[in-house]
Structures are given as C-alpha cells and as structure tokens.
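S.K.:
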Amino acid sequence: MAYFADIIIDISHEKLDHTFQYRIPNELFAQVYPGVQVQVPFGKGNRLIRGFVLEVTDKAGFDVNRIKEIHSVTADGVEIEGQLIALAAWMKKNYGGTMNQALKTVIPIKRKTKQKEKRMIYLCIGQKEAKKQLAVFLEKHNTARARLLEELLQHPEISYEVVTQKLNVTAGVIRALEERKILKVVCDLDYRNPIAHFKSKEYHTVLNEVQQKVVDTVRADVCQGIKKTYLLHGVTGSGKTEVYMELIADAVASGRQAIVLIPEIALTYQTVMRFYGRFGNRVSIMNSRLSPGERYDQFLRAQNGEIDIMIGPRSALFTPFPKLGLVILDEEHESSYKSEPLPRYHARETAIARAKLAGAYVVLGSATPSVDSYYKAECGEYRLLEMKQRAKEQPLPKCHVIDLREELKKGNRSVLSIRLQNLIEERLAKKQQILLFINRRGMSGFVSCRACGHVIKCPHCDVALSLHRREENSGASAPGKLLCHYCGHSETAPTVCPECGSKYISGFKAGTQRMEELVKKRFPSARVLRMDLDTTRNKGGYEKVLSAFANQEADILIGTQMIVKGHDFPNVTLMGILAADLSMYATDYRAAERTFQLLTQAAGRAGRGDKPGEVVIQTYNPGHYSIQTAKEQNYEAFYQEEIAVRRLLSYPPVSHMVLILFTAEQEKPAKQAAAYLAGWLRKTLPAGFRMIGPASAAIAKVNDIYREVIYIKHKDYGQLVWLKDKIEQFVQEKTDAKQISITFDFDPMNGI
Ligand code: ADP
Ligand code: ZN
Ligand code: ZN
14 MAYFADIIID
24 ISHEKLDHTF
34 QYRIPNELFA
44 QVYPGVQVQV
54 PFGKGNRLIR
64 GFVLEVTDKA
74 GFDVNRIKEI
84 HSVTADGVEI
94 EGQLIALAAW
104 MKKNYGGTMN
114 QALKTVIPIK
124 RKTKQKEKRM
134 IYLCIGQKEA
144 KKQLAVFLEK
154 HNTARARLLE
164 ELLQHPEISY
174 EVVTQKLNVT
184 AGVIRALEER
194 KILKVVCDLD
204 YRNPIAHFKS
214 KEYHTVLNEV
224 QQKVVDTVRA
234 DVCQGIKKTY
244 LLHGVTGSGK
254 TEVYMELIAD
264 AVASGRQAIV
274 LIPEIALTYQ
284 TVMRFYGRFG
294 NRVSIMNSRL
304 SPGERYDQFL
314 RAQNGEIDIM
324 IGPRSALFTP
334 FPKLGLVILD
344 EEHESSYKSE
354 PLPRYHARET
364 AIARAKLAGA
374 YVVLGSATPS
384 VDSYYKAECG
394 EYRLLEMKQR
404 AKEQPLPKCH
414 VIDLREELKK
424 GNRSVLSIRL
434 QNLIEERLAK
444 KQQILLFINR
454 RGMSGFVSCR
464 ACGHVIKCPH
474 CDVALSLHRR
484 EENSGASAPG
494 KLLCHYCGHS
504 ETAPTVCPEC
514 GSKYISGFKA
524 GTQRMEELVK
534 KRFPSARVLR
544 MDLDTTRNKG
554 GYEKVLSAFA
564 NQEADILIGT
574 QMIVKGHDFP
584 NVTLMGILAA
594 DLSMYATDYR
604 AAERTFQLLT
614 QAAGRAGRGD
624 KPGEVVIQTY
634 NPGHYSIQTA
644 KEQNYEAFYQ
654 EEIAVRRLLS
664 YPPVSHMVLI
674 LFTAEQEKPA
684 KQAAAYLAGW
694 LRKTLPAGFR
704 MIGPASAAIA
714 KVNDIYREVI
724 YIKHKDYGQL
734 VWLKDKIEQF
744 VQEKTDAKQI
754 SITFDFDPMN
764 GI
C-alpha cells in the first residue's frame, strides 16, 4: 500500500490549510509523522525546500502518477515549528475538529494588517559618558553597538522598529546595551505589559521550610532528568507563586524558558508585578486584549530569545519557545482552561503533551485542585506536593454556615441573614472592609424550594433538572417542563414543593444590582461598590473598581465570581457568600465541585492581612458535603465524598465522557440526526460503552441554531477517541447530512 503525506511549506502563512501532497518512499515510512521536517522537490525545477509533515494518509489526493516523492527527512527535525505541528496533530486526535483548526490554534499566524507594538529605546546615560562609550565600541570594532549608540546620541528616543529594521541592529545587541544599563527598552502597550517601566527591586523572598521542601523535591527530579507532572496543592496564601518563581529561575539559569498560565481574570497587576520584580524584562504578558498582530509580535520575541517567561491565559501555552523547560498552570481547576471553540482542548492535558514533546515538565497549582487532577495524583500519574499552611502564618478565616430556611422561619425575609448583618455592622464600626459575593454562574434554571431547600433532580443522573426554555433569554414562566440534559428525562414542573408543600418554589433570583440597593438601604452610611459585567464593561473598568476598593474608597464590595479570584485586600476581614447553593445544583455533574471551589476560594479572600478574617456562608443546604467541607477548608474530605459519587455514577475522572453535539438551523433535522446516530450506536457499540440520550441541550436553541446532544461514557479515554473516529467516518459516508454539524467535546466542562 502506498502512503502519502500532507506537507506544509510556509507555516507563517495565513492559509495553513494550503498543503501539498507527497508520496512517502517505503524506506522513509517509519520516520514520517506529524511535525517531522522534510526536504521536498518543489515547483517546475524541483528545487529542494523545507516542509513539515501535517498528516499521513493512504488516500491520494489526486492522480497518483503526478505525486512527487519526499526527498529526505531532516535528521534533527526538533525545530519548534515541528513540535507545535506535532502538538496540533495530538490535539486533533484527542479532541476532534480538523487539522486546520488545530494548527490555527497552535501556530501564530502572521497577518497582513499587522498592528505594531510600540516599543521605544531610550538612552539612559549622559552625553559625555555615551561619547566615551562610543569611542570604546569603535575601537573594538563593535560596529553594530557603535551605530546604535551614535544614533541614540542624536535622538535619545528611537522606536524599536527603526533600530532593528533601519539601523540593522539585532535584538541581541540591544539587549547587550540594555544589560550594561546604557539604554532602556520601554513598551507602552498598557500596564499589563510594563516592560522596563519597572525598576527591578532585586527583592528576594526567602522560602520557608515547606516551600523549600517542594522546590527541592522538584529539583531532585529535574537533576536526574525525570520529567513529571506535579500537582501543587497549597491553601490560598501558602506561597505557591514564590515556588513557581524559584522553579522558573532554575529553568532560566539552565538556558530554558517557562510558560505560566493564569486564568485571565486572575491575571492582576499585583500578580504580574511580582514576576517583573523578580525577572524584569525577560517576562512578557499575553492577554486577550492584544490584537492578532500584537500576539504575533509577542510570539516572535519568544522565538527570537528576547524573553524567557510568558505569562498569560490558555493561549499562552503555544508560545514558541525554542527550549521550553517548564509549564505552570496556576489555578489549575479553572474551567477557563477548557477551550469552547474547536478544537475543544483542555490546557492541562495539552500542556502535558507539549511538555513531553519539548522535554519539559509541568506544575499544576491550586488551593482547590480539580477532582480530575487529584484523582490522577492519587493514581500516581501526577506527583502530589502539599503546602497546608499560609506563608505568613495567618490563621485560616473562621467560617459560619447560616441556614436560610431557619431565617425564613424566624421571619427574616431579607437576603442578608441576621448574623451577617451584625457582622457587617461590626466591621463598618471598625473601619474594616467587607466583600459580598453573589454566585450567578449557577443560575441555569433549576427549581428549588425557598422554604425547605428541596431541589428537583433527575432520578437517573443525580443532576438538577432544568426548567425548559426554548429561547436563550425568555423568562422562566412556570409551570413549564423540567428536563434532564444528560438523559432526556422530562416531567412537568410542580407548582408546590413536593417535599413540604410550600408554594415558594422557583429559581432564586438575586442580581448584584438589586443587592446593592438592599445593602445601601440597610447600611445607609456605608460606601458601596459593585463589580459585575455591567460596571466593568468599559475598558479598564475592572481595574478601576478594584483599585478604588484597594485604596479603601469603599467599605463594601458586592460582586460576582470576579471578586473571588486572586485579589489581595489586606483590610478585608469579612466575606459574605449570599447564596452558596446557586452553583450546587447547576445542571451538570461538576456542580458540587464548583461549589466547593468557589466557597473555598471566596473564604480565602478574607483575612489576608494581619487582621483575622471571618466568612459567612448562607445556604439552604447546610448539611451538603460541599458546604460542610468548605467550611472546614478540608479539601481531602470533600474529595473523598465527591470521588465516591463520580465512581457510583461513572462520571469523569473515574470514567470518561464524550459529548456529541448536533447543531442545525432546523429542529427536525437536528433531532433526526441525533436519533439516527443513536440508533446506529445502539446497534454497533461494543461492550464497555454507555450511551445516554439523545436529548435537547440545556439551552436547546442558541442564535437560532438548534442543539441536540448524546453523551457516551467509557472507562478508557482512548476508546472514546476511537469511537469519535468511527463516528466521523460514518457521518462522512452519509453526505446527505450537510445541513447538520456534528462536533465532539471530551470530558465537557462548560454547560452545553
Ligand atoms: P498563593 O499563590 O499560594 O496564594 P502567594 O505566593 O501569593 O500564595 O503568597 C501569599 C503571601 O505570602 C504573599 O503576600 C507573599 O508575598 C507572601 N509570602 C509567600 N512566601 C513567603 C515567604 N517565604 N516569606 C514571606 N512571605 C511570603
Ligand atoms: Zn419545600
Ligand atoms: Zn437524567
């Protein structure tokens, strides 16, 4: 059988899908796989040029007789481009989607409308000294250095571009002069990229014993050439960031580079400045506000060795460092590490795959590790490292759980419990600050009783049923239909609580704006700030609210998830969690995990300074294990409860799950396609697979597109990948299904 390879010639090109097919000579077959660099004859003259293998296939794309042969495999094909292409191939295989989508995710693409990053070079020494220096350079025939300095003597500020392009001076020369403090490179993108504005304070925290032990453990492995994935479980404030920086310093000292992934929402000025403080302008920041051109420039700087450390959200993982040493995922439990656009990759697994290709290692860090990662640590796939105490030895905050059912019985109809009201008053008197957290993410339409806390759940799947809405935003007008979005089970929504007969059965509605009004009314003298999507929509709005609160221009900050992450307000001594339940019954199996994480992270916000903190958790389910264990800040206890549930119901990580999503402009074809495939699967699925559904997605219709789902479970992820390939093949043969799109989501994290 003949084999062919799709080869890409110019990977910086916008059209990554422009490939050329070559035949693989038999003797090269074993050496040709995605990412490998090859020499191929090109054009009329068959000039030999460089290309990268994207895919290997046994199907010729056109007349076999006209397909040329690969000339040779380049022996040391370990170029960064090859690594990234191999990574893209890995992503396509494990997450579905096309090779082109994977490549576009992984490879920085140069676009024609490139926006220039504004960087300026400043002379930092006096004219006299500069002239003396110039004479030295001329004498030593350091022509490039001399040329640059001459120019700077005439124009003390020059744009970086002018220097590199017009003066033909390389980045290396600029860096050399910068190191000798002759000049300074200043980037004025925004404060998140404050290169060289910052004067390195040369500060250095001395690690405490626990931190040192963690660093030594990793170091010992690295010294022996062992490349592992570590799970650093450290309570909030235990000093994980210091540990990261120590490991990064090691890597940089040995000539390697590091990528630090941080969810964008936690990528705060404070965090960024800590890295700058230690590593100065060898650090670069990536964020979603950069234009594609700016992103490309950043990647270029990484590839050219101008920086050693890239900090950013998910997409920073693809920074083309030539010798990657380690990847850190901070807050590894965050759901933003899972990509929604295709390919639906998870940055954690993808980081591990990239590290493997690059000979690097991975550190996952969290105060509340994902159940997935902790399970893998338990199974020995990751190595667990623990830091159980706060670095500055502050005690963990004291936690009160308030039963909202009792409040209602006592006649308190306010959303603020008596306890919380009293504590707020006390803090206001002491001029200390208060955070009030409203959990809105979980409000996906489940139905609960305000009198007894009862929530209507699916009898088969142990997730909350959700009130069926056809349109994305149509209000919930009960009585409606309750649906399970895993198995399709449906029932009529009750008008009275089946447990206690109360008619207060509906969704819990408490927006941040309403809460702000209520709090202002109850505490008229308090200065109240609100942080939600509305108040932070404008550019810089988010930082404005945060810095106003940090400057103590307000006493109370009310907000959603945004206020929970990563901020360090030393004067906050009280955290109120207004309705802890709202994420507990989100209609998917990770709801309890999310609740525990949120409560623990929220609790970690109180008492970061010298004053001890207190936390009030208000809930209708004080007995639920996610609330009890969060109250005690006992991760291990939470994990044991949760993994037992997952085991019982074969949910990830004990088993794996793939979501098959059908989308179409019409409801009927979407439903028909799902039913058709389900019928075929029912007949052909080997033992070990379990199919659930088909059912309508939680939001059955988004932007006029209908969505149907099928879930398939199997203990082995590889088997699900195998099944995906089979389904894709099956679907391809039914070419009449053009108006329907079928995509896959492995171990889905975001409600569909
Ligand atoms: P985490 O990332 O685990 O939440 P951080 O690294 O942010 O923790 O550390 C929490 C606080 O403790 C920070 O203010 C940090 O400067 C301080 N800190 C960390 N390690 C030490 C140390 N070894 N000595 C003194 N202070 C430390
Ligand atoms: Zn009830
Ligand atoms: Zn169900």
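Everything in the sequence shown is counted per this note's numbering, starting at 14 for the first residue and increasing by one. The beta-carbon is built from N, C-alpha and C at its ideal position, and this holds for glycine as well.
To the nearest angstrom, how far is the alpha carbon of ILE656 from that of ASN39?
M.R.: So the two alpha carbons sit approximately 49 Å from each other.
S.K.: Report yes if the CB atom of ALA593 is closer than 8 Å to the CB atom of ILE569, and no otherwise.
M.R.: For ALA593 and ILE569, no; Cβs fall outside 8 Å.
S.K.: Helix, strand or coil: how does DSSP classify GLN167 here?
M.R.: GLN167 falls in the helix class under three-state DSSP.
S.K.: Compute every distance between the C-beta of CYS471 and the non-hydrogen atoms of ligand 2, then say whether any falls below 7 Å.
M.R.: Because no heavy atom of ligand 2 lies under 7 Å away, the Cβ of CYS471 does not count as near it: no.
S.K.: Bridge partners of PRO583, per DSSP?
M.R.: Beta-bridge pairing links PRO583 to no other residue.
S.K.: Looking at the structure shown, is MET762 part of a helix, part of a strand, or coil, going by DSSP?
M.R.: Three-state DSSP puts MET762 in coil, outside helix and strand.
S.K.: On the DSSP letters alone, give me the boundaries of the alpha helix (DSSP H) that TYR638 sits inside.
M.R.: That run of the alpha helix (DSSP H) goes 638-644.
S.K.: DSSP on ASP475, reduced to helix/strand/coil?
M.R.: ASP475: coil per DSSP, three-state reduction.
S.K.: Count the other CB atoms, across all protein chains shown, that sit within 10 Å of the CB of TRP103; report buried if there are 16 or more and exposed otherwise.
M.R.: With 16 or more other Cβ atoms within 10 Å, it is buried.
S.K.: With distances taken from CA atoms, which of GLU82, LYS494, GLU746, GLU345 is nearest GLN614?
M.R.: GLN614 has its Cα closest to that of GLU345, out of GLU82, LYS494, GLU746, GLU345.
S.K.: Could you check which residue in LEU180, ARG314, ILE322 has the C-alpha nearest to that of VAL285?
M.R.: The candidate whose alpha carbon is nearest that of VAL285 is ILE322.
S.K.: Going straight from the alpha carbon of HIS31 to that of ILE740, what length do you get?
M.R.: Using only the alpha carbons, I get a separation of about 26 Å.
S.K.: Would you tell me roughly how many angstroms separate the C-alpha atoms of LEU100 and VAL186, rounded to the nearest one?
M.R.: The straight-line gap from Cα to Cα measures roughly 33 Å.
S.K.: Quick one: what's got a C-beta closer than 8 Å to LEU495's C-beta in the same chain, skipping five residues either side?
M.R.: Around LEU495: VAL460, ILE469, LEU478, SER479, LEU480, HIS481, SER503, GLU504, THR505, ALA506.
S.K.: How many whole angstroms separate the CB atoms of GLN402 and ARG535, which I take to be in contact at a CB cut-off of 8 Å?
M.R.: Incorrect: roughly 37 Å between the Cβ atoms, too far for contact.
S.K.: Can you tell me the Cα-Cα spacing of HIS246 and ASN647, whole angstroms?
M.R.: Rounded to the nearest angstrom, the two C-alpha atoms are 12 Å apart.
S.K.: Closest to GLN752 by C-alpha separation, out of SER304, ARG720, PRO665, would be which residue?
M.R.: Of the candidates SER304, ARG720, PRO665, the one whose C-alpha sits nearest the C-alpha of GLN752 is ARG720.
S.K.: Within 10 angstroms of its Cβ, does THR766 collect 16 or more other Cβ (buried), or is it exposed?
M.R.: With the chain covering only 14 through 765, there is no way to say anything about residue 766.
S.K.: Between LYS726 and SER668, which are expected to be in contact by the criterion C-beta below 8 Å, what is the C-beta distance as a whole number of angstroms?
M.R.: Yes, they are in contact, since the Cβ atoms of LYS726 and SER668 sit about 5 Å apart, within 8 Å.
S.K.: Taking the alpha-carbon positions, what's the LEU436 to VAL671 distance?
M.R.: Each residue's alpha carbon lies about 46 Å from the other.
S.K.: Given PRO666, which residues of its chain have a CB within under 6 Å of its CB, disregarding the five upstream and five downstream residues?
M.R.: Cβ neighbours of PRO666 beyond the five flanking positions: ASP385, TYR388.
S.K.: Looking at HIS637 and ligand 2, is the gap between the Cβ and the nearest heavy atom below 7 Å?
M.R.: Every heavy atom of ligand 2 is 7 Å or more from the Cβ of HIS637, so no.
S.K.: Whose C-beta lies closer than 7 Å to the C-beta of GLN128 among residues of the same chain, with five residues either side of it excluded?
M.R.: Bear in mind that the predicted position of GLN128 carries a pLDDT of just 45, short of 50, making it unreliable; the figure below should be weighed with that in mind. For GLN128, where only same-chain residues beyond five positions count, the Cβ hits under 7 Å are SER304, GLY306, GLU307.
S.K.: Leaving out the 5 sequence neighbours to the left and right, which residues in its chain are closer than 7 Å to CYS465 when beta-carbon positions are compared?
M.R.: Cβ within range, chain order: ARG418, CYS510, GLU512, CYS513, SER515.
S.K.: Is any heavy atom in ligand 3 found nearer than 7 Å to the beta carbon of TYR664?
M.R.: Checking every heavy atom of ligand 3 against the Cβ of TYR664, none is found closer than 7 Å.
S.K.: Might you give, ordered along the chain, the residues of its own chain that have their beta carbon closer than 8 Å to the beta carbon of SER487, omitting 5 neighbours on each side?
M.R.: With a pLDDT of only 42 at SER487, under 50, the local geometry of the prediction cannot be trusted, and no value is derived from it.
S.K.: Is any heavy atom in ligand 1 found nearer than 7 Å to the beta carbon of THR613?
M.R.: THR613 Cβ: outside cutoff for every heavy atom of ligand 1.
S.K.: Suppose you measure from the CA of SER490 to the CA of TYR517; what does that come to, to the nearest Å?
M.R.: Note that SER490 has pLDDT 47, beneath the 50 cutoff, so the model's placement of it is unreliable and no number is given.
S.K.: Determine the contact status of ALA360 and LEU330, defining contact as a CB-CB distance below 8 Å.
M.R.: In contact: ALA360 and LEU330 (Cβ atoms closer than 8 Å).
S.K.: Mapping DSSP to helix, strand and coil, what is GLY572?
M.R.: Reduced to three states, the DSSP call for GLY572 is strand.
S.K.: At the level of alpha carbons, what is the spacing between LYS253 and VAL265?
M.R.: Answer to the nearest angstrom: the Cα atoms are 18 Å apart.
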